[in-house]
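Participant: Residue numbers (this note's numbering): 136 to 320.
This structure is in C-alpha cells; I'll ask about it shortly.
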C-alpha cells in the first residue's frame, strides 16, 4: 500500500540545512532514496524555526522504505549526520498516496492528531491538495499543500497556530526530482 513518509529532524546550531557537510550528505542520501522510491523528495523547514526540518516523500510501501533504510549508503549518511549535525525527531508513514502531491508546492500544513485538526479549523484557506489518513501507529495525519499563490497568506496565518500541539506550518526549502535534479527554493 502506498504511503507518505514524514521524517523530522533538527539541525544543530550553528549549522543549517545548507551548511556543509549537511547539504552534501543529505543530497547523497536523498539520491539513494530516490533510487528505491522512484518519487520526488521535498525538504521543508518550519515557518517559525528554520532548524526544524521535515522530509516528505512517497513510498510504494513501508517495507520498501525499510529496505532503503538498510542500504549501505543510507547507514553511512545517517551515521555521519546523527548526532554530530542533526538529531532525529520522528518518522511516520500515513497511508496517503504521495503520487498526487503537487510538484509546485510552496507550503505544507501538517496536522498530527484529530485534536490538532479541530484546533485550527477555519484558520487556513482551502488547500490545493489535502489528504488525511492514519499511520502505522494509528496516529491521524492530515497534510495540506499550498502553491505559490496561497503561500504568503498561509505563512501570515501561521502565527495563529503557533504553539498548537501537533500542527506545523512548513516552507519548502529544497526539492529533489526523480531524475536527481535539485531545486533550492
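Just so it is clear, CB atoms sit at the ideal spot from N, CA and C, and this is done for glycine as well.
Using only the alpha-carbon positions, how far apart do residue 136 and residue 298 sit?
Facilitator: Distance between the alpha carbons of residue 136 and residue 298 is about 33 Å.
Participant: Hey, is the region 136-151 in contact with the region 204-215, meaning 3+ C-beta pairs nearer than 8 Å?
Facilitator: The region 136-151 vs the region 204-215: no contact.
Participant: Would you kindly work out how many angstroms separate the C-alpha atoms of residue 168 and residue 224, rounded to a whole number?
Facilitator: Approximately 19 Å between the Cα atoms of the pair.
Participant: Bridge partners of residue 180, per DSSP?
Facilitator: Note: residue 180 sits in a beta bridge opposite 188 and 306.
Participant: Using the C-alpha atoms, what's the distance from residue 292 back to residue 257?
Facilitator: Going by the C-alpha atoms only, they are around 11 Å apart.
Participant: Kindly indicate which three-state DSSP category residue 274 falls into: helix, strand or coil?
Facilitator: The answer is coil: DSSP assigns residue 274 none of H, G, I, E or B.
Participant: So is residue 303 buried or exposed if we call it buried at 16+ other beta carbons inside 10 Å?
Facilitator: The residue is buried, with at least 16 neighbouring Cβ atoms inside 10 Å.
Participant: Which parts of the region 209-275 are runs of the beta strand (DSSP E), unbroken and 3 residues or longer, counting only runs that do not cross its ends?
Facilitator: Runs found: 221-227, 242-247 and 264-269.
Participant: What residue range does the alpha helix (DSSP H) around residue 139 cover?
Facilitator: Careful: residue 139 lies outside any alpha helix (DSSP H), inside the beta strand (DSSP E) at 138-146.
Participant: Would you decide whether residue 172 is buried or exposed? Buried here means 16 or more other CB atoms lie within 10 Å of its CB.
Facilitator: Classification for residue 172: buried.
Participant: Please state the DSSP three-state secondary structure of residue 95.
Facilitator: No information on residue 95 is available, as it lies outside the stretch 136 to 320 that the chain covers here.
Participant: Going by Cα to Cα distance, which pick from 243, 154, 268 and 318 is closest to residue 290?
Facilitator: Of 243, 154, 268 and 318, the residue nearest in Cα terms is 243.
Participant: Go ahead and label residue 217 buried or exposed: buried means 16 or more other beta carbons lie within 10 angstroms of its beta carbon, across all protein chains shown.
Facilitator: By the 10 Å Cβ count, residue 217 comes out exposed.
Participant: What is the DSSP secondary structure of residue 353, reduced to helix, strand or coil?
Facilitator: Past the boundaries of the shown model lies residue 353; the chain is included only from 136 to 320, so the question cannot be answered.
Participant: Express the C-alpha separation of residue 285 and residue 265 in angstroms, rounding to a whole number.
Facilitator: The straight-line gap from Cα to Cα measures roughly 14 Å.
Participant: Who are the near neighbours of residue 226 in its chain, counting only those whose CB is closer than 6 Å to its CB and skipping five residues on each side?
Facilitator: Cβ within range, chain order: 142.
Participant: Can you give me the C-alpha to C-alpha distance between residue 248 and residue 313, rounded to a whole angstrom?
Facilitator: Cα to Cα, residue 248 sits roughly 31 Å from residue 313.
Participant: From 138, 187, 139 and 152, pick the residue whose C-alpha is nearest to that of residue 394; which is it?
Facilitator: Residue 394 lies beyond the stretch modelled for the chain, which goes from 136 to 320, so this question has no answer here.
Participant: With distances taken between CB atoms, is the gap from residue 121 to residue 309 smaller than 7 Å?
Facilitator: Summary: the structure shown does not reach residue 121, with the chain confined to residues 136 through 320, and so no result is reported for it.
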